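> Once you've had a glance at the structure underneath, I'll fire off some questions.
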Amino acid sequence: THRLGQGKVVKLRSRESVPTGGGVKLRAYFTPGHEIDHISYYLAADKVVFSGDTILGNSSSSVRNLKQYMASLETLAGLKPKILCPGHGQIIKNGTARVEWYIRHRTEREEQVLAALASGVDSVDEIVTAVYPRNLRRNLRGAAARNVRTHLDKLTEEGRVNESEVTFTVTKA
């Protein structure tokens with residue numbers, strides 16, 4: 003019997019092919035964003051992506067680094083998956099459409115954040131109030147604030163907004 007990790011453990015490289023037995027191979031893709039060390043696997047023969055937490059079955063994923071996450075989504079979109087097997091939730095039959103929905107969802111949220119800033123709103127809490135539904139459940143407000151913060155971090159990194167100690171403003175172009 004062989005045990006996982008017995009002997010020498012070798013680090014995976016992105017796009018490395020991993021034999022799983024029976025002639026089946028998975029290709030590993032680094033898909034950071036949800037976490038810095040996140041990985042997804044692709045079964046090319048059947049166009050199936052095992053997406054872990056990059057794409058979930060019932061909701062959008064929480065994100066630590068939005069810029070990396072968007073690049074990861076583009077990588078997965080390029081695979082044109084028929085099926086997504088997320089780490090949580092239901093298997094997703096039209097994989098490509100779901101990946102594209104995630105990209106649109108994040109892009110639309112970014113546009114909403116920029117519009118809120120342009121209207122004079124300048125704090126995370128005010129942005130949450132401006133871009134999320136009024137009936138947002140109280141227990142989801144913290145997650146919404148973290149999501150807004152990841153958008154602001156990305157926009158700041160791209161030079162599209164300026165951050166002061168507690169406020170953000172649109173960069174004058």
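Residues in the sequence shown are numbered from 3 upward in steps of one, following our numbering. Don't be surprised by glycine CBs; every beta carbon is placed ideally from N, CA and C. Since the structure is predicted, the reported quantities are computational estimates derived from the model, not experimental observations.
So which of G25, F32 and T22 has the shortest CA-CA distance to T77?
Nearest C-alpha to T77: F32.
> Please list, in chain order, all residues of the same chain as L119 whose beta carbon is under 8 Å from its beta carbon, the five residues on each side excluded.
Contacts found: I129, V163, F170, T171 and V172.
> Which residues does DSSP pair with V1 in a beta bridge?
Nothing can be reported for residue 1: it is not among the residues displayed for the chain, which extend from 3 to 175.
> Is it the case that the stretch 80-97 contacts the stretch 129-143, given that we only count it when at least three CB pairs across the two stretches are under 8 Å?
Segments in contact, no.
> Are S42 and T22 close, meaning C-beta to C-beta below 7 Å?
No; because the gap between Cβ atoms is not below 7 Å, this pair is not in contact.
> Express the C-alpha separation of H40 and R111 in angstroms, rounding to a whole number.
For R111 and H40, the distance between alpha carbons rounds to 23 Å.
> For L157, which residues from the same chain have a beta carbon less than 6 Å from its beta carbon, with the 5 sequence-adjacent residues on both sides left out?
Here the set comprises V163.
> For S53, collect the residues of the same chain with a Cβ closer than 6 Å to its Cβ; drop the 5 residues on either side in sequence, then sort them by chain order.
Counting only Cβ-Cβ distances below 6 Å, and skipping sequence neighbours, we find S42, L86 and P88.
> Is the separation between the beta-carbon of L45 and that of L28 shorter than 7 Å?
Cβ distance < 7 Å, so L45 and L28 count as in contact.
> If you follow the alpha helix (DSSP H) that V133 is part of, which residue opens it and which one closes it?
Segment V126 to V133, the alpha helix (DSSP H) holding V133.
> Between the C-alpha atoms of L14 and V101, what's the straight-line distance to the nearest angstrom?
In a straight line, the C-alpha of L14 is about 24 Å away from that of V101.
> Measure the Cβ-Cβ separation of S62 and H36 and say whether it is below 7 Å.
Not closer than 7 Å, so no.
> Taking the alpha-carbon positions, what's the W103 to T109 distance?
Near 10 Å, if we compare the C-alpha coordinates of T109 and W103.
> Identify, in the order they occur along the chain, each residue of the same chain with its Cβ nearer than 8 Å to the Cβ of K84, setting aside the five sequence neighbours on each side.
Closer than 8 Å at the Cβ level, and outside the excluded window around K84, lie D48, K49, V50, K95, N96, G97 and T98.
> Kindly indicate which residue of G24, V126 and A132 has the alpha-carbon position closest to the one of S166.
Comparing Cα positions, the closest option is V126.
> Give the DSSP bridge partners of V50, in chain order.
According to DSSP, which records beta bridges pairwise, V50 is partnered with L45 and I85.
> Which first and last residues belong to the alpha helix (DSSP H) in which L119 is found?
Looking at the DSSP string, the run of the alpha helix (DSSP H) that includes L119 is G97 to A120.
> Among E160, A147 and K174, which has the Cα closest to the Cα of V65?
Closest option to V65, Cα to Cα, is A147.
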